[in-house]
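A.B. asks: In this note's numbering, the protein residues as written are 11 to 295.
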Amino acid sequence: MAGYTGIKLIAVDMDGTFLTDNKTYNRERFLEQFKALKARGIRFVVASGNQYYKLRSYFEDIDAGDIAYVAENGGYVHDGQQELFVADIATETLARVYPFLESLKAVTAIICGRNSAYVLNTADPAEVANARNHYQRLELIQSYQDINDTVLKIAIKMSPAIHDTVLEAAREKLGDVLVSVTSGHEWIDLIIPGVHKAHGIHLLQKQWDITDDEVAAFGDSGNDMEMLQKAGFSFAMNNASDSIRQVARYSAPTNNDEGVLETIDHILSGALDKLSSNSLFDGVA
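What follows is the structure, encoded as structure tokens:
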């Protein structure tokens, strides 16, 4: 079948969306889909809170220049050929952030830089190991003052039990200079106002002359909000938070049921141009 030709860009979140809970995806199936997308000139964009280098590692069997990345929740944008945008949290802002991080209990703070991520060497080793699942490049430091890098964002890892408390505290102490967003039930990201996934995707759209109505986006949590609000075809995974399900125009099967890949099949087969209800899929709310 000719397939739906209106979509020119597909943007996917990774954790809880493109990846299963085991941090895997059906590589063989996606590789075949990707070949078809490329043949039709449909751009594929990975939009995640994760580090650029970590995201690249998920797609080692695809030419690096064929995938664009909106990493660090919009803090770093790479079109596959070159950097388009690098966020830079001001020194005076960091001077307020670091004491705040040091005041928090039972959390692990990750300073996300352009060249690497940084964690205090006093952090729980188990949490450092967990951080390496998201940050391909990660260095242990004695003090935040040891960092000599452009800081893109700050990530804070904690137990779900204290998530809302930490989120409230971050918004109270730093809300005038940084936006605090939820990135799953155990993560909070501190980002520059206006720097989010939607901003990064907008830069790519501008470069490639793609309108919002030609974008399909997939997400599951709070850091996907602006991206889903902006995309003409926005899909909340069936495992998404209630706030995301309310914002997205459509829904897709869960991340563990290959919901993104199922929807890409519909895009390629031509079903998306017939989309008029909330879901392409029977039994998906």
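The beta-carbon is built from N, C-alpha and C at its ideal position, and this holds for glycine as well. Because the structure is a prediction, the values reported are computed rather than measured.
1. Please check the pair I277 and V55, which I expect to be a contact at CB under 8 Å, by giving their CB distance rounded to whole angstroms.
2. Can you tell me whether P135 is buried or exposed? The criterion is at least 16 other CB atoms within 10 Å of its CB, across all chains shown.
3. Quick one: what's got a C-beta closer than 6 Å to T27's C-beta in the same chain, skipping five residues either side?
4. Cα separation between V96 and E272?
5. Kindly indicate if chain D contains any beta-carbon less than 8 Å away from that of I202.
6. From D174 to A133, what distance separates their C-alpha atoms?
7. Bridge partners of I120, per DSSP?
8. Strictly by DSSP, which residues pair up with E149?
9. Which partner residues of I20 appear in the DSSP bridge assignment?
10. For the beta strand (DSSP E) containing H88, list its first residue and its last residue.
11. At which residues does the alpha helix (DSSP H) containing I277 begin and terminate?
12. Could you check where the beta strand (DSSP E) with V176 kicks off and where it finishes?
13. Can you tell me the Cα-Cα spacing of E149 and I52, whole angstroms?
14. Is V138 helix, strand or coil by DSSP?
15. Helix, strand or coil, according to DSSP, for V205 in the structure here?
16. Could you name the residues of the same chain whose beta carbon sits closer than 6 Å to that of N233, not counting the 5 residues immediately before and after it, in chain order?
17. Taking the alpha carbon of G269 as the reference point, which residue from K18, I17 and D31 has its own alpha carbon closest?
18. Within its chain, find whatever has a CB closer than 8 Å to the CB of H88; leave out the 5 residues flanking it on each side and keep chain order.
C.D. replies: Reading it off the structure:
1. The sequence position of residue 277 within the sequence shown is 267, counting from 1. The sequence position of residue 55 within the sequence shown is 45, counting from 1. The Cβ separation is near 14 Å, so there is no contact.
2. Your numbering for residue 135 matches position 125 in the sequence shown. Answer is exposed; the Cβ neighbour count stays below 16.
3. Residue numbering aside, residue 27 sits at position 17 when the sequence shown is read from its first letter. Here the set comprises F228, G229, D230, M247 and N265.
4. Indexing the sequence shown from 1 puts residue 96 at position 86. Indexing the sequence shown from 1 puts residue 272 at position 262. If I take the Cα positions, the gap works out to 33 Å.
5. Protein chain content of the structure displayed is limited to a single chain, and chain D is not contained in it.
6. By 1-based counting over the sequence shown, the position of residue 174 is 164. By 1-based counting over the sequence shown, the position of residue 133 is 123. Their backbone Cα atoms lie some 21 Å apart in a straight line.
7. Looking up residue 120 in the sequence shown gives position 110. Note: I120 sits in a beta bridge opposite A165.
8. Along the sequence shown, one-based indexing puts residue 149 at 139. Note: E149 sits in a beta bridge opposite Y128.
9. Residue mapping note: residue 20 aligns to position 10 of the sequence shown, counting from 1. According to DSSP, I20 bridges with F54 and A226.
10. Working through the sequence shown from its first residue, we reach residue 88 at position 78. Note, H88: beta strand (DSSP E), Y86 to H88.
11. In the sequence shown, counting from the first residue as 1, residue 277 sits at position 267. First-last of the alpha helix (DSSP H) with I277: G269 to S279.
12. Indexing the sequence shown from 1 puts residue 176 at position 166. That residue, V176, is in no beta strand (DSSP E); its alpha helix (DSSP H) goes P170 to L184.
13. Residue 149 sits at position 139 when you count from the first residue of the sequence shown. Residue 52 sits at position 42 when you count from the first residue of the sequence shown. Computed Cα separation, rounded: 37 Å.
14. Against the sequence shown, residue 138 aligns to sequence position 128. Reduced to three states, the DSSP call for V138 is helix.
15. As a position in the sequence shown, residue 205 is number 195, starting the count at 1. If DSSP states are grouped into helix, strand and coil, V205 belongs with coil.
16. What you label residue 233 is simply residue 223 of the sequence shown in a count that begins at 1. Closer than 6 Å at the Cβ level, and outside the excluded window around N233, lie G59, N83, V191 and S193.
17. For the purposes of this step, residue 269 is taken as the residue at position 259 of the sequence shown. It is D31 whose Cα lies nearest to the Cα of G269.
18. Numbered from its first residue, the sequence shown carries residue 88 at position 78. Hits under 8 Å: Y62, A78, Y79, A81 and L94.
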